[in-house]
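**Student:** The structure's right below; bear with me while I get my questions together.
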Amino acid sequence: MDDDYDNISGLTSIRFYNQFDKDFVSNGNHAVCSKFDNLSGEYSKAYQLCMSFTGNLDSYEKLKFFEELNSYKCNYFNLWAYYRLSKFDGVERSNMLTFILAHWRDSKKYVLCNSTEFVFYLSNSEHYIKAKRIYDYALNYNKLKSYDENDVACTSKQKEYIRKSLELYDSIKEECKHSKNKYNAHCKAYEVVKKIHPDDKLLNLQCKKVEDESLSTIGAGNGPGQMEALQQQQQGLVRAQEDHLGHGSQEVTEYSSYGLHSPSGSHQAMETAVPILGISSIFFLLYKFTGLGPIARNFLRTKGINGINSHEELTHELLESTYDDHAHPSITETYIGYQAT
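Counting along the sequence shown from 1, when you hit position 113 you're at 113 in the UniProt record's numbering, and nothing is skipped either side.
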């Protein structure tokens with residue numbers, strides 16, 4: 001998982017995540033986010049994320065750009081939020097994580113989209129990367145399938161993307177057959193993706209022919225240009241919002257592209273910290289910032305602290321309760337009742 005084969009301009013997934021960045025940034029909560037701004041004359045990366053995050057959450061019902069997959073927008077919102085958080089390090093990351101969890105928990109939109117998936121991504125970045133890539137493949141499938149059905153040539157990068165996505169899908173399918181893995185983030189993602197595209201449709205995608213790239217050299221710079229245009233649009237929206245609030249004209253630090261590169265310093269730091277961010281920290285985050293507090297408390301009462309034999313035992317108990325729609329319908333609202341499209 002150490003390359004960026006999925007960083008291809010024009011993919012549906014990249015377009016949608018960029019819309020998370022920019023579409024509702026003007027609806028962000030400046031009063032709350034101003035604490036992340038700085039006095040250096042530039043908008044901080046933390047301020048940008050805060051404005052996008054609060055704008056998306058407060059406008060959750062208006063997030064319509066997922067079209068036929070709109071029932072799954074909460075899954076993708078969790079992915080986007082974690083991806084953006086992964087770009088922070090140290091104290092800045094810790095402050096942003098605390099803010100995201102607390103604001104999300106206290107939001108009136110929590111019953112529509114909770115942060116449980118986001119919290120579990122914190123424990124294993126490799127599982128998160130697999131989950132994001134299989135979720136993204138589900139997003140990208142329809143567009144790439146149209147190339148196949150209409151005999152349209154794909155690029156060499158698209159062909160490689162399809163090949164590696166098929167390999168990933170197959171490996172996850174095999175891995176998730178084992179019950180010990182069923183609560184891993186990518187296995188939960190696999191179960192959702194099977195509802196989006198049932199009957200292993202994602203394995204049927206192919207690239208029948210590849211375009212002659214020597215003929216498209218002239219337009220080779222269009223991809224990055226499109227990404228820059230999206231970033232500039234976002235900056236313009238933030239500026240417009242701040243001008244309206246009398247904040248002055250400042251520059252916005254650009255967001256990076258949405259390909260998943262090798263784990264950043266923050267991801268590596270998280271892997272190093274997994275023994276710390278293990279049973280105690282993940283438990284604390286679930287207890288404090290999600291709807292699982294009462295479940296965890298009852299679990300500890302019945303089994304006792306000394307009776308917990310492993311991280312897996314507690315995690316499985318919590319997750320089994322999380323996905324029990326009869327016992328906790330408000331928590332599971334965004335995880336159940338999905339219809340295949």
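For glycine and all other residues, C-beta sits at the position ideal for the given N, C-alpha and C.
(1) I need the straight-line Cα distance from Cys74 to Asp200, nearest angstrom please.
(2) Ser9 to Asn140, Cα distance in whole Å?
(3) If you follow the alpha helix (DSSP H) that Phe20 is in, where does it begin and where does it stop?
(4) Would DSSP call Glu175 helix, strand or coil?
(5) Name the DSSP bridge partner or partners of Val192?
(6) Under the three-state reduction of DSSP, which class applies to Cys187: helix, strand or coil?
(7) Below 8 Å on the Cβ atoms is my contact criterion, and I expect Lys208 with Asp148 to pass it. Report the Cβ-Cβ distance as a whole number of Å.
(8) Should Gly90 be labelled buried (16 or more other beta-carbon atoms within 10 Å of its own) or exposed?
(9) Rounded to the nearest angstrom, what separates Thr155 and Thr12 at their Cα positions?
(10) Looking at His186 and Ile134, is the spacing between their C-beta atoms short of 8 Å?
(11) Go ahead and pull the three-state DSSP assignment for Val210.
(12) Considering only the alpha carbon of each residue, which of Ser44, Tyr169, Thr54 lies closest to Lys87?
(13) With a cut-off of 8 Å, do at least 3 Cβ pairs link the region 56–66 to the region 100–113?
(14) Shortest alpha-carbon distance to Phe53 belongs to which of His127, Phe66, Ser26?
(15) Where Lys159 and Leu202 are concerned, what is the direct C-alpha to C-alpha distance, given to the nearest angstrom?
(16) I need the DSSP call for Cys113, collapsed to helix, strand or coil.
(17) Quick check: what's the CA-CA separation for Tyr121 versus Met96?
(18) Under DSSP, the alpha helix (DSSP H) around Cys74 begins and ends at which residues?
(19) Which term fits Ala31, buried or exposed, when burial requires 16 or more other beta carbons within 10 angstroms of its beta carbon?
(20) Which same chain residues, not among the five before or five after Tyr5, have their C-beta less than 8 Å away from its C-beta?
(21) So, Phe118 versus Asn78, is the Cβ gap smaller than 8 Å?
(22) When you compare each of Cys50, Thr116, Gln206, Lys62 to Ile100 by their alpha carbons, which one comes out closest?
(23) Looking only at C-alpha atoms, which of Phe16, Thr98, Ala46, Val193 sits nearest to Lys64?
(24) Of the choices Val152, Ala46, Glu126, Asp212, whose alpha-carbon is the least far from that of Arg84?
**Tutor:** Answer, in terms of the structure:
(1) Approximately 23 Å, taken between the alpha carbons.
(2) 12 Å
(3) 12–22
(4) helix
(5) According to DSSP, Val192 bridges with nothing at all.
(6) Under the three-state reduction of DSSP, Cys187 is assigned to helix.
(7) 6 Å
(8) Exposed.
(9) Looking at the two C-alpha atoms, the distance is approximately 15 Å.
(10) yes
(11) strand
(12) Ser44
(13) yes
(14) Ser26
(15) 14 Å
(16) coil
(17) When rounded, the distance between both Cα atoms is 15 Å.
(18) 73–85
(19) exposed
(20) Lys157, Glu160, Tyr161, Lys164, Gly259
(21) yes
(22) Ranking the options by Cα distance to Ile100, first place goes to Cys50.
(23) Phe16
(24) Closest by alpha carbon: Ala46.
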